[in-house]
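Residue numbering for the sequence shown is 2 to 664, as defined by the working numbering.
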Amino acid sequence: MPPPAAPVDPAVGPEVVLPTLSKLGFSNLPDDINPEQIATSWFSSFSKAFEAADVDEVLSHLITSSFAFNFFLSSEHVDPAFPEDIPVYWRDIIALSWDIRTFEGTDKIKKFLSSQLKLAGVSKVALQSDMPPSLQRPFPDLAWIQLFFTFETTVGLCSGIVKLVPVLNKESQAPDWKAFTVFTNLEGLKGFPEKIGPLRNQEPNHGKWESARQKEVAFEDRNPTVLIIGGGQNGLTTAARLKALDISTLVIEKNKRIGDNWRGRYEPLCLHTTSHYCHLPYLPFPPTWPLYTPALKLANWLEHYAEALELNVWTSSTVTNATQDPETKTWSVTVVKADGSQRIFQVKHVILAVGLIGGQPIIPKIPGMDIFKGQTLHSLEWRKASENRGNKVVVIGSGVSAHDICTDYVHNGVDVTMVQRSSTYVMSVKNGIPILIGALWSEDGPPADVADRLSLSTPLLAMAGIFHRIFKVIGELDRELLDGLHKAGFRTTTGYKDCGLLLETFTKAGGYYMDVGGSQLIIDGKIKLKNDSQIKEFTETGIKFENGSELEADLVVFCTGQADFLMGGMRDIMRKLFGDEVANRAPDMWGLTEEGEFRGCFREVGSEGLYNMMGDFMTARFFSKTMALRKQPFLAHDMDFNVRFTTEIKAKEEGIIGQKYKD
Numbered sequence: 002m003p004p005p006a007a008p009v010d011p012a013v014g015p016e017v018v019l020p021t022l023s024k025l026g027f028s029n030l031p032d033d034i035n036p037e038q039i040a041t042s043w044f045s046s047f048s049k050a051f052e053a054a055d056v057d058e059v060l061s062h063l064i065t066s067s068f069a070f071n072f073f074l075s076s077e078h079v080d081p082a083f084p085e086d087i088p089v090y091w092r093d094i095i096a097l098s099w100d101i102r103t104f105e106g107t108d109k110i111k112k113f114l115s116s117q118l119k120l121a122g123v124s125k126v127a128l129q130s131d132m133p134p135s136l137q138r139p140f141p142d143l144a145w146i147q148l149f150f151t152f153e154t155t156v157g158l159c160s161g162i163v164k165l166v167p168v169l170n171k172e173s174q175a176p177d178w179k180a181f182t183v184f185t186n187l188e189g190l191k192g193f194p195e196k197i198g199p200l201r202n203q204e205p206n207h208g209k210w211e212s213a214r215q216k217e218v219a220f221e222d223r224n225p226t227v228l229i230i231g232g233g234q235n236g237l238t239t240a241a242r243l244k245a246l247d248i249s250t251l252v253i254e255k256n257k258r259i260g261d262n263w264r265g266r267y268e269p270l271c272l273h274t275t276s277h278y279c280h281l282p283y284l285p286f287p288p289t290w291p292l293y294t295p296a297l298k299l300a301n302w303l304e305h306y307a308e309a310l311e312l313n314v315w316t317s318s319t320v321t322n323a324t325q326d327p328e329t330k331t332w333s334v335t336v337v338k339a340d341g342s343q344r345i346f347q348v349k350h351v352i353l354a355v356g357l358i359g360g361q362p363i364i365p366k367i368p369g370m371d372i373f374k375g376q377t378l379h380s381l382e383w384r385k386a387s388e389n390r391g392n393k394v395v396v397i398g399s400g401v402s403a404h405d406i407c408t409d410y411v412h413n414g415v416d417v418t419m420v421q422r423s424s425t426y427v428m429s430v431k432n433g434i435p436i437l438i439g440a441l442w443s444e445d446g447p448p449a450d451v452a453d454r455l456s457l458s459t460p461l462l463a464m465a466g467i468f469h470r471i472f473k474v475i476g477e478l479d480r481e482l483l484d485g486l487h488k489a490g491f492r493t494t495t496g497y498k499d500c501g502l503l504l505e506t507f508t509k510a511g512g513y514y515m516d517v518g519g520s521q522l523i524i525d526g527k528i529k530l531k532n533d534s535q536i537k538e539f540t541e542t543g544i545k546f547e548n549g550s551e552l553e554a555d556l557v558v559f560c561t562g563q564a565d566f567l568m569g570g571m572r573d574i575m576r577k578l579f580g581d582e583v584a585n586r587a588p589d590m591w592g593l594t595e596e597g598e599f600r601g602c603f604r605e606v607g608s609e610g611l612y613n614m615m616g617d618f619m620t621a622r623f624f625s626k627t628m629a630l631r632k633q634p635f636l637a638h639d640m641d642f643n644v645r646f647t648t649e650i651k652a653k654e655e656g657i658i659g660q661k662y663k664d
């Protein structure tokens, strides 16, 4: 190791969290680092301490730190505590905490391990042989050795990922390799493997499949154990995970067909994340699948997915009411089918999977709308531009839908003006997607489940600094595009606390555009832009602005969003279905906690047996398994194989199941 670098001032802003070489005390790394040797040496003693539940010895393998980022405490900048310290994190997804938690700093990690490690009964800790340790260099001044390991607890089969950084030993002036981040995740439960591969049904079925399938989905003489409200990607993936664990599940979908939540959107809609990122569990897209999936094609795939995996779904059905017995905690759920018939189910678990966006259009109340002689539509009602040839169209909004709709109008020769009300984060798909997701989810990337674990192994508190750098890089690659937009008068933002697209999405669920051509149309003047004044009122022939200017319009399309969880949309849904008491107990949903974890997602939401599942395709793929595993140990008595008794009794005797870490 070269001599330590001269002391430097710590980074400011989001990058203060990064364990840069200069902050660690080094100018650079030598070329002859042996990641496998360093990782094996570190892991040899760490694994012994981990198995022995020796908290102090485990902590000796991690950075010692009082650093506290405070990044998500408020929307304003809050200075970190002890910024001169090198941060340290432990993220756990129900392996030890029976929750989804990130612990920052030595004190919090120590409290967590002191409470949970002995209870967990850790054993069989081993380096993962098929994932050798490797040196990672995301930036020239950042370096860590990444290692994968597996372990067991009393009830679970678990995995872990560690990032080691070199910390200067002031006495020897040599590096001591310490963990900057530790990630632990529950992969499965002992005795309850997924019924896939060699454990699938292997009996020939001659003429009985159709009748058996019809009986299974009808639930004529039985109740499901789990009822899922919503048949989008979150509802279907969770149902698939539960089915693989042999847990009886019914999905209630209000639309006529599975996929109608995508099928019913505007015609030009297409995913802007790649197919590698959007695989569903057990049934990935075929290798011929296009890189970017059209919405209609995706809708048909979701329908095929439910059929191929034999998921139990009732379409054209709605949940109208649900109440919980205070003694048994069983939910009584009323379902109305398309023919008007009603069924009341008694279930132990209800999962809300109604989507991040609630589906209720938000249309601002603007004076004069009643005298406007043209037509107004929300983007949820809009279908295609060819229906409006020869008209003057005004699109209010500057997010994804607004750009897509304006672009379709240009391609159909329609005069269209975009009204931008606030600044928008813009990133080109061409430059942004390969950097954001290409290293993990790509043709040459690891399997999706490994990529998912890798992406989640570094807590968002630590990733904020990486995001800050990544989006500066993307911004420079997009410099010509952004300069062109600014010259055209389009207002852009750098995202949540200058950290770009992802944190903007995680905190606001909107306010961005991933450019696939719309920005150039604004630059070229083909999409006209109006953003020099706010809307004052409608007139008979169009819109009048506060500065006195006017726009004529035959059609005004509101791309102004839908009632989402940040606006109380989910609480309104809960109030309608479950009543005021349940709705008032529910936490906020979406956005990030102080720990950088999603609020009210992939967990119970204020009432026992009531859960919320939401997010994009990657989070649906990963956290659907987390959700299923949360329920499986509690449902052991519903499983038809002998090992259920020993597993359930052992888990209760050890006090593991359900003992969520609460500090």
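C-beta: ideal position from N, C-alpha, C; glycine also.
task = Look up residue 467 in the DSSP assignment and say whether it is helix, strand or coil.
result = helix
For residue 243 and residue 621, believed in contact at Cβ under 8 Å, the rounded distance = Incorrect: roughly 13 Å between the Cβ atoms, too far for contact.
inquiry  = Can you give me the C-alpha to C-alpha distance between residue 499 and residue 612, rounded to a whole angstrom?
reply    = 33 Å
ask   = Which residues mark the beginning and the end of the beta strand (DSSP E) in which residue 138 is found?
value = 135 to 140
ask   = Roughly how many angstroms separate the alpha carbons of residue 152 and residue 61, rounded to a whole number?
value = 20 Å
message = Under 8 Å: do the segment 450 to 464 and the segment 156 to 166 share three or more Cβ pairs, one atom per stretch?
response = yes
request  = Name the two residues that bound the continuous alpha helix (DSSP H) containing residue 505.
outcome  = 502 to 509
request  = Would you mind sorting residue 472 into buried or exposed? The rule is 16 or more other CB atoms within 10 Å of its CB.
outcome  = buried
inquiry  = Measuring only the C-alpha atoms, how far is residue 1 from residue 319?
reply    = What is shown of the chain runs 2 to 664, which leaves residue 1 out entirely.
request  = Report the rounded CA-to-CA distance for residue 233 versus residue 279, giving the unit in angstroms.
outcome  = 13 Å
task = Determine the DSSP secondary structure at residue 586, reduced to helix, strand or coil.
result = helix
query = Where do the ends of the beta strand (DSSP E) carrying residue 337 lie?
reply = 332 to 337
request  = Thinking residue 239 and residue 614 are a contact (beta carbons under 8 Å), I'd like their distance in whole angstroms, please.
outcome  = 5 Å
key: Closest residue to residue 192 among 121, 158, 75 (Cα-Cα distance)   = 158
request  = With DSSP collapsed to three states, give me the class of residue 540.
outcome  = coil
ask   = What do you get for residue 350, buried or exposed, if any count of 16 or more other CB atoms within 10 angstroms of its CB means buried?
value = buried
ask   = Would you call the segment 109 to 123 and the segment 46 to 65 touching, i.e. three or more CB-CB distances under 8 Å?
value = yes
request  = Determine contact between the segment 511 to 519 and the segment 425 to 432, defined as no fewer than three beta-carbon pairs at a distance below 8 Å.
outcome  = yes
key: Minimum C-alpha distance to residue 563 - residue among 293, 362, 176, 45   = 362
query = In chain order, what residues of the same chain lie with their CB nearer than 7 Å to the CB of residue 301, ignoring the 5 residues before and after it?
reply = 260
ask   = How big is the Cα-Cα spacing for residue 17 and residue 84?
value = 7 Å
key: Cβ-based neighbour list, residue 572, same chain, cut-off 7 Å, excluding 5 preceding and 5 following   = 584, 587
message = How far does the beta strand (DSSP E) with residue 123 in it extend, from its first residue to its last?
response = Taken as a continuous stretch (DSSP letters only), residue 123 belongs to no beta strand (DSSP E), as it is neither H nor E.
Coarse secondary structure for residue 239, derived from DSSP in three states = helix
message = Quick check on this structure: which residue in 304, 48, 345, 392 has the alpha carbon closest to the alpha carbon of residue 314?
response = 304
Between the CA atoms of residue 230 and residue 345 - distance to the nearest angstrom = 14 Å
Same chain, Cβ closer than 8 Å to residue 440, five either side skipped, listed in chain order = 446
C-alpha gap between residue 10 and residue 82, whole angstroms = Its pLDDT being 39, under 50, residue 10 is placed unreliably in this model, and the value from its coordinates should be taken loosely. Those two C-alpha atoms are separated by around 15 Å.
ask   = Is the distance from the Cβ of residue 66 to the Cβ of residue 21 below 8 Å?
value = no
inquiry  = Please identify the residue among 494, 502, 421 whose C-alpha is closest to the C-alpha of residue 536.
reply    = 421
ask   = Is the segment 481 to 493 in contact with the segment 521 to 535, if contact means three or more CB pairs nearer than 8 Å?
value = yes
ask   = Based on Cα-Cα distance, which residue from 591, 224, 196 lies nearest to residue 602?
value = 591
task = Have a look at 380, 450, 321 and flag the residue whose alpha-carbon is nearest the alpha-carbon of residue 575.
result = 321
query = How long is the line joining the alpha carbons of residue 417 and residue 396, rounded to whole angstroms?
reply = 7 Å
When 282, 326, 178, 253 are compared against residue 42, the one with the closest alpha-carbon = 178
query = On the premise that residue 600 lies in contact with residue 186, defined as a C-beta separation below 8 Å, what is that separation, rounded to the nearest angstrom?
reply = Not really, about 20 Å apart at Cβ, beyond 8 Å.
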